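Colleague:
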Amino acid sequence: MGLRTGFYLYLLILFSKASCKKGVKCGGILAPSSGGNISSPNFPGLYPYSVDCSWLIVVSEGSSVLLTFHHFELEYHSDCAYDYVKIYNGVSEDEGNLLGKFCGDAAPPRFSSSWNIMSVIFHSDRHVADTGFLVEYRKDTCGGVLTGLSGVITSPGYPLEYSNNAECLWTIQVSNRSVITLVFLDVQLENNEGCNFDYIALFDGPTVQHRHIGNYCGNERPPNTVSTSNQLLIVFRSDFNIGGRGFKAHYYSAECQQVLNGISGNFTSPSYPNIYPNNMKCHWSLHLPPGYRIKLFFPLIELEDRNTLTDFCDFDSVAVYDGQSETDVLLGRWCGSESPPPLTSRGNKLLVVLNTDRTVAFKGFSASYMGVVPVNVSCTRSEFQIQIPQQALPQLERESVYLGNPSCSAQMTQTSYKILARFLNCGTAGQKRQNITMLVNTLYIDFSSGKQQSIQEYEVQCDAQRKVASVSIISPEDRMRMNELARLAEESRSLESAQRAKPEAHETSDFVFISVCVLAVILMLIAVVWLVLL
Ligand SMILES: [Ca+2]
Ligand SMILES: [Ca+2]
Ligand SMILES: [Ca+2]
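Take 1 as the starting number for the sequence shown in UniProt numbering and just add one per residue.
1. Tell me residue 190's beta-bridge partners as DSSP assigns them.
2. Please tell me whether, using a cut-off of 8 angstroms, the distance from the CB of residue 251 to the nearest non-hydrogen atom of ligand 1 is below it.
3. Residues in its own chain within less than 6 angstroms of residue 94 by CB, not counting five upstream and five downstream?
4. Does the separation of the CB atoms of residue 59 and residue 116 fall below 9 angstroms?
5. Thinking C-alpha only, which one of 255, 314 and 262 is nearest residue 336?
6. Assuming residue 355 is part of the beta strand (DSSP E), what are its boundary residues?
7. For residue 66 versus residue 129, is the C-beta spacing smaller than 9 angstroms?
8. Can you give the Cα-Cα distance for residue 524 and residue 518, rounded to whole angstroms?
9. Assign residue 396 to one of three DSSP states: helix, strand, or coil.
10. Can you list the residues near ligand 1, meaning Cβ strictly closer than 6 angstroms to any non-hydrogen atom, in the order they appear in the chain?
11. Return the CA-CA distance between residue 274 and residue 224, expressed in angstroms with no decimal places.
12. Just checking, does the segment 232–251 make contact with the segment 160–180 on the three C-beta pairs under 8 angstroms criterion?
13. When you compare each of 88, 190, 41 and 460 to residue 56 by their alpha carbons, which one comes out closest?
14. In its own chain, which residues sit with a C-beta less than 7 angstroms from the C-beta of residue 316, not counting the 5 before and 5 after it?
15. Answer with buried or exposed for residue 488, where buried requires no fewer than 16 other C-beta atoms within 10 angstroms of its C-beta.
16. Pick helix, strand or coil for residue 379, following the three-state DSSP scheme.
17. For residue 106, tell me which candidate among 74, 437, 412 and 298 has the shortest Cα-Cα distance.
18. Give the DSSP-derived three-state secondary structure of residue 81 in the structure shown.
19. So for residue 125, helix, strand or coil by DSSP?
20. By alpha-carbon positions, which one of 532, 477, 471 and 307 ends up nearest to residue 373?
21. Tell me whether residue 356 counts as near ligand 3, meaning its Cβ is closer than 8 angstroms to at least one heavy atom of that ligand.
22. What residues match up with residue 437 in a beta bridge as DSSP calls it?
23. Report the three-state DSSP secondary structure of residue 389 (helix, strand or coil).
24. Looking only at its chain, what residues have a beta carbon closer than 7 angstroms to the beta carbon of residue 538, apart from the 5 residues adjacent to it on each side?
25. For ligand 3, is there any heavy atom lying closer than 8 angstroms to the beta carbon of residue 318?
26. Ligand 2 heavy atoms versus the CB of residue 241: any closer than 8 angstroms?
27. From residue 233 to residue 272, what does the alpha carbon distance come to, in whole angstroms?
28. Sorted by chain position, which residues of the same chain lie with C-beta nearer than 6 angstroms to residue 328's C-beta, five sequence neighbours on each side aside?
29. Cβ of residue 238 versus every heavy atom of ligand 2: is any distance shorter than 8 angstroms?
30. I need the straight-line Cα distance from residue 432 to residue 310, nearest angstrom please.
31. So, are the CB atoms of residue 96 and residue 157 less than 9 angstroms apart?
32. Give the DSSP bridge partners of residue 469, in chain order.
33. Closest by CA to residue 24, which one among 188, 285 and 52?
34. By Cβ distance, which residues of its chain are closer than 8 angstroms to residue 482, with the 5 residues on each side in sequence left out?
35. Out of 330, 82, 285 and 406, which one is the CA nearest neighbour of residue 126?
36. Is residue 190 near ligand 2, judged by its Cβ being under 8 angstroms from some heavy atom?
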C-alpha cells in the first residue's frame, strides 16, 4: 500500500513539474471511472504558441487506457520538430514508454496502454499554429488495441474467476512489415462441445470478418498461432453462469521473436541502437543443422543496471539458455553494461531472451553468432590430421575445406572430410607461445554460395614435441582484433623508422626552446639592473 501511494505521489510530482511552466493552463491528472475527452488549448480554434501540456491518465489497476483521436491538425514537419503530440505507455519521463510522436494531419492510431497508466504530451513552438486535436480516452476493463512489440493478454481478473457475460476484443497491431505470434500459456474456461458458452475466438486480421482460426474452451490451449498480416483479433466471451480461471496468452511481433537458421548472423534488441521499449519479452531462437554447436558473442550490452538491493538483474536482462526453451540450462543472465564471455552451446540450439520492465530503458544489445563445426585435429611431428563429420557440413565441395592454402584441400571419405597436411607443404608456421614453439595454421571452411561470401576460419595448433593438437574458431571479432593489432604493429614500426630518419628535428626544436628561455632571462636581468640604476 505504501509503495503504491509513493508511486502515485511520484507521478504527481512529475506532473506538477510538467504543468508548472508559465503561460497557458493545460494538462492534468485524469482518473476516469469510465472516460472523457482531451483537447489542445482553445480547441477547435488555433492553439496558442509555445505551450507544453502534459496529461496523465490513471485508471484502476488491472484495467488499461484506450485512446481514440477524433480530430488531428498540427503544424507539419518531417520529424515533428515544431509542434507535436507524444503518447506514452506509462509516464512521459521515460522514453522507453514512447508509443509515438505525431504532427501534421496524420492522426495517431488507436492506442491501448499495456497497464493502467498512459500519458499524452502536447508541444507547440513559437510560430505557425493549427486547430490542434481532440482525443477520447476510455477505461478498458478488458480488450483494446495493443501496439507493443510484445505483451500479455489475460481474461478479466485472471487468475481469479472471470465475470459472467463478459465480452472482450483485443486487436494486436504491429509494424507493417511484421507478423504476430500468439502463444497461450494457460486456459481454463467452462467446457462444452462446440465451445459456444464461454470461449476464446481467434481471427487472422483486425475484425471478425477475417479468417476465423478457431474457437477454444475448456482446458484446450489454442495452438501457437502466427498471423499472416500485422493484425490479429482475439475475442473472449462468457455466458450467464459457470466460469473458470480464464486464460493467459503472450504475443510477440516478429521483430521481437526471431528464429535464426543461418550458419552465422547478427541480431539486436528492438529499435537498436535507439532505446528499447519498456515492458516486453523477446525471444531469439538460434537453430542450426545437426552437428553444429553455436558460439555466441555480445559486442555490446547496455541495459538497466542490477537491482542494488538483491544484486540480481531483476529489472531488464538478457538471458541465454542452452537449448530451445527456458526450461533448458541457463548459461547466464546479464544486465547493465556487463559483457558476457563468448558462449558455446552443447547442441545445435540456443535461446536468447530479453526481458524489460515498465520503466527506464537503454540502448539494448547487439549479438552475433556462428555455427561451430566439430573439427577433430591431431598431429604428428610432421603433419596435421584433420577430420570433420560429413553431416556437419551439408553439401560442401571438398575444395571448400582446406588448410593454409587451397592446394591443401580435404579428401572425402565415407563419413567425413579428411585432410592430411605436411607442415612444409601447407604453410604451417612456428610461433612461440608460453615458451613452447607451436606449429600454427588456419583451416578454412568456405560456405559461400552465389554472392553471399561466408568463410569460417579455425586456428589449428600442434605441439610437435608432445604431438598434442588443438583447434579454435576465429570469430569475426577475433579477426578484426588481429587485423587491428597487425595494423598497430605496422604503424608503430613505420613511426619508429620515421623518428630514426630525422633525429635533428627534435634537437633543433629543443635548441630553439632553450635559446628563447636564455634570451628571456637576459632581458629580465637587464630590466632589473636598469630599474636599480634608476
Ligand atoms: Ca508551430
Ligand atoms: Ca459460462
Ligand atoms: Ca527497465
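We put the CB at the ideal spot given by N, CA and C, even for glycine.
Just so it is clear, the structure is predicted and the values come from calculations on it, not from any experiment.
Modeller: Judging by the given coordinates:
1. Here residue 190 is taken as the residue at index 190 of the sequence shown, counted from 1. Paired residues: none, contrary to the question.
2. Within the sequence shown, numbered from 1, the residue matching residue 251 stands at position 251. Residue 251 Cβ: outside cutoff for every heavy atom of ligand 1.
3. Sequence index remark: in the sequence shown, residue 94 carries index 94 (1-based). 359.
4. Position 59 of the sequence shown, counted from the start, is the residue given in the question as residue 59. Position 116 of the sequence shown, counted from the start, is the residue given in the question as residue 116. Against a cut-off of 9 angstroms, the Cβ pair of residue 116 and residue 59 comes out as a contact.
5. If you number the sequence shown from 1, residue 336 lands on position 336. Considering only alpha carbons, the answer is 314.
6. Walking along the sequence shown from the start, residue 355 turns up at place 355. 349–356 is the extent of the beta strand (DSSP E) around residue 355.
7. In the sequence shown, residue 66 corresponds to position 66, counting from 1. In the sequence shown, residue 129 corresponds to position 129, counting from 1. In this structure, residue 66 keeps its C-beta atom at 9 angstroms or more from the C-beta atom of residue 129.
8. In the sequence shown, the residue the question calls residue 524 occupies position 524. In the sequence shown, the residue the question calls residue 518 occupies position 518. Residue 524 and residue 518: Cα-Cα distance of roughly 10 angstroms.
9. Residue mapping note: residue 396 aligns to position 396 of the sequence shown, counting from 1. The answer is coil: DSSP assigns residue 396 none of H, G, I, E or B.
10. 75, 82, 83, 124, 125, 127, 128 and 129
11. In the sequence shown, residue 274 corresponds to position 274, counting from 1. In the sequence shown, residue 224 corresponds to position 224, counting from 1. Answer to the nearest angstrom: the Cα atoms are 30 angstroms apart.
12. Flag = yes, the segment 232–251 and the segment 160–180 touch.
13. As a working note, residue 56 is residue 56 in the sequence shown. The option with the nearest alpha carbon to residue 56 is 88.
14. As a first step, residue 316 is located in the sequence shown; it is residue number 316 there, counting from the start. These residues qualify, in order along the chain: 303, 304, 335, 355, 356 and 357.
15. In the sequence shown, the residue the question calls residue 488 occupies position 488. Exposed, by the Cβ-count rule.
16. Numbered from 1 along the sequence shown, position 379 holds the residue referred to as residue 379. Three-state DSSP puts residue 379 in a strand.
17. For this step, residue 106 is matched to residue 106 along the sequence shown. Residue 74 is the option with its Cα nearest to residue 106.
18. Numbered from 1 along the sequence shown, position 81 holds the residue referred to as residue 81. It is coil, neither helix nor strand.
19. The count along the sequence shown starts at 1 and reaches residue 125 at position 125. Coil.
20. Your numbering for residue 373 matches position 373 in the sequence shown. Of the listed residues, the one whose Cα sits closest to residue 373 is 471.
21. Against the sequence shown, residue 356 aligns to sequence position 356. Residue 356: yes, Cβ under 8 angstroms from ligand 3.
22. Taking the first residue of the sequence shown as position 1, residue 437 is located at position 437. Paired residue(s): 432.
23. Your numbering for residue 389 matches position 389 in the sequence shown. Correct three-state label for residue 389: strand.
24. The structure shown has nothing for residue 538, since the chain only spans 1 to 534.
25. Within the sequence shown, the letter at position 318 stands for residue 318. Residue 318: no, Cβ never under 8 angstroms from ligand 3.
26. Counting from one through the sequence shown, the residue named residue 241 turns up at place 241. Result yes, Cβ under 8 angstroms from ligand 2.
27. Translated into positions along the sequence shown, residue 233 becomes position 233. Translated into positions along the sequence shown, residue 272 becomes position 272. The alpha-carbon atoms of residue 233 and residue 272 are separated by roughly 28 angstroms.
28. Along the sequence shown, read from residue 1 onward, the residue named residue 328 stands at position 328. 321 and 322, listed in sequence order.
29. Taking the sequence shown and counting its residues from 1, one reaches residue 238 at position 238. True, at least one ligand heavy atom lies under 8 angstroms from that Cβ.
30. Along the sequence shown, one-based indexing puts residue 432 at 432. Along the sequence shown, one-based indexing puts residue 310 at 310. C-alpha separation (whole angstroms): 46 angstroms.
31. Position 96 of the sequence shown, counted from the start, is the residue given in the question as residue 96. Position 157 of the sequence shown, counted from the start, is the residue given in the question as residue 157. Taking 9 angstroms as the Cβ cut-off, residue 96 and residue 157 do not qualify as a contacting pair.
32. Within the sequence shown, numbered from 1, the residue matching residue 469 stands at position 469. Partner(s): 462.
33. Counting from 1 along the sequence shown, the entry for residue 24 is found at position 24. Among 188, 285 and 52, the Cα nearest to that of residue 24 is on 52.
34. By 1-based counting over the sequence shown, the position of residue 482 is 482. Closer than 8 angstroms at the Cβ level, and outside the excluded window around residue 482, lie 474.
35. Locating residue 126 in the sequence shown gives position 126, where the first residue counts as 1. Taking residue 126 as reference, the option from 330, 82, 285 and 406 with the minimal CA-CA separation is 82.
36. On the sequence shown, residue 190 is found 190 positions in, with the first residue counted as 1. The answer is yes for residue 190.
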